[in-house]
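Undergrad: Numbering (UniProt numbering), first residue to last: 1 to 309. The structure is given below, and queries will be raised subsequently.
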Amino acid sequence: MLDTLLTLFSTPFMQRSLIVAVLVGVSAPIMGTYLVQRRLALLGDGIGHVALTGVALGWLVGNAMNLTSSDALAVPGAVVASVVGAVLIEIVRERGRTSGDVALSLLFYGGIAGGVLLIGIAGGTTANLNGYLFGSIASVSWADVLLTALLAALILGVGLGLRPALFSLCHDIEFARASGLPVRMLTTLIAIVSALTVSTAMRVVGVLLVSAIMIVPVAIAQLVTASFRSTMALAAAMGTLLCLAGLVVSYFYPVSSGATIVVLAILLYAIVAFARPCILTLKDRCRRKNGGTKEHQTEGSSTAESAHL
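Structure (structure tokens):
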């Protein structure tokens, strides 16, 4: 067993994969917490489909520039397309007459169609998109690791550094506006950082499943937590564990790491949902026990003080 673990951590491609898995597992649920709070859980799916168009556009530009690797600009292309798509959907939701769900549908259909069309123009086939559709964490390079680290740092910086303002916005937008917060700028910022999150997680779980790693850990955490901060912390921990578990399973068995991560997340959600009454009862008993202990200590201190007087 020890030899197997040593082999697991000593393999270069697994080292790269583990780093990316941890970065994605921590950062994706952070932004997912804000999306769930704003009831935009499906935004990640819409942005993911637009990212596919960016991947194909990166292929097209890479071929035009005669780059050694045709997909060298795939991830940068996905980043640009995701950000543009996220900003457009915010504009449509805020200023247009189109509802949010219709705008998301436009992103769904247009993203997939644009990706297939552009990859064909670039001289490729839909098979070239499979690694981005379903994830291919084992194929990440050190350049991908560096890009993922930079994006994850930016995501965590915004998600944690601006948490009070973003929480106020997501909880009650009218209160945030009355408090003098720059609501339009913050909503656009959430959309942009969500787009960066999708681009970051794309190589791990794929654009078709990217929203799951952002949302499901948050859904799990919400079952057993009572505050926004504890939900975010537990969701980040769950996301990290799920990404690592899916990666390890895919190392020992010939299965997709992205699909494994999502299936494990859904199973964990089902288990926690089933066990939730027991978990809440246990938490309540611990809270009462701690409260009783503190009350007993307070009474003891008062008695001792009275005796001293």
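Where is the CB? At the ideal position from N, CA and C, for every residue including glycine.
Pick out whichever of Ile30, Gly123, Arg93, Arg39 has its Cα sitting closest to the Cα of Trp59.
TA: Out of Ile30, Gly123, Arg93, Arg39, Gly123 has the C-alpha closest to the C-alpha of Trp59.
Undergrad: Taking contact to mean at least 3 C-beta pairs separated by less than 8 Å, is the segment 215-233 in contact with the segment 263-272?
TA: Yes, since at least three Cβ pairs between the segment 215-233 and the segment 263-272 fall closer than 8 Å, the two stretches touch.
Undergrad: Would DSSP call Leu8 helix, strand or coil?
TA: Note: Leu8 maps to helix in three-state DSSP.
Undergrad: Could you check what DSSP says for Asn66 in three-state terms: helix, strand or coil?
TA: Asn66 falls in the coil class under three-state DSSP.
Undergrad: Going by DSSP in three states, Ala81 sits in which element: helix, strand or coil?
TA: In this structure, Ala81 counts as helix in the three-state DSSP scheme.
Undergrad: Under three-state DSSP, which class holds Ala212?
TA: Here Ala212 sits in helix by DSSP.
Undergrad: According to DSSP, simplified to helix, strand and coil, what is Ser194?
TA: Note: Ser194 maps to helix in three-state DSSP.
Undergrad: Excluding sequence positions up to five away, which residues of its chain have a Cβ less than 6 Å from the Cβ of Gly120?
TA: Answer for Gly120: no residue qualifies.
Undergrad: In terms of residues, what are the limits of the alpha helix (DSSP H) holding Thr231?
TA: From DSSP, the alpha helix (DSSP H) with Thr231 extends over 228-252.
Undergrad: With distances taken Cα to Cα, identify the nearest neighbour of Val22 among Ala64, Arg285, Leu241, Val255.
TA: Cα-wise, what sits closest to Val22 is Leu241.
Undergrad: So, helix, strand or coil for Pro182, using DSSP?
TA: Residue state, collapsed to three classes: coil.
Undergrad: Output yes or no for whether 9 Å exceeds the beta carbon distance between Ala51 and Val262.
TA: Going by C-beta atoms, Ala51 is not nearer than 9 Å to Val262.
Undergrad: What does a CB cutoff of less than 7 Å around Ser17 pick up in its chain, not counting 5 residues either side in sequence?
TA: For Ser17, where only same-chain residues beyond five positions count, the Cβ hits under 7 Å are Ile137, Ala138, Val140, Leu247.
Undergrad: With burial defined as no fewer than 16 other Cβ atoms inside 10 Å of the residue's Cβ, what is the status of Asp172: buried or exposed?
TA: That one is exposed.
Undergrad: Under 8 Å by Cβ, that's how I've got Ile30 and Leu181 pegged, so tell me the actual separation to the nearest angstrom.
TA: That pair is no contact at about 20 Å.
Undergrad: Hey, how far is the Cα of Asp144 from the Cα of Leu166?
TA: Between Asp144 and Leu166, the C-alpha separation is close to 29 Å.
Undergrad: What are the boundary residues of the alpha helix (DSSP H) that includes Ile155?
TA: Taken as a continuous stretch (DSSP letters only), the alpha helix (DSSP H) holding Ile155 covers 142-161.
Undergrad: Are the Cβ atoms of Thr148 and Arg203 separated by less than 9 Å?
TA: Cβ distance < 9 Å, so Thr148 and Arg203 count as in contact.
Undergrad: Just to confirm, are Leu106 and Leu208 a CB contact at a threshold of 9 Å?
TA: The answer is no: Cβ separation not under 9 Å.
Undergrad: Given Phe108, which residues of its chain have a CB within under 8 Å of its CB, disregarding the five upstream and five downstream residues?
TA: Hits under 8 Å: Asp45, Gly46, His49.
Undergrad: Alpha carbon to alpha carbon, how far is Met14 from Val61?
TA: For Met14 and Val61, the distance between alpha carbons rounds to 30 Å.
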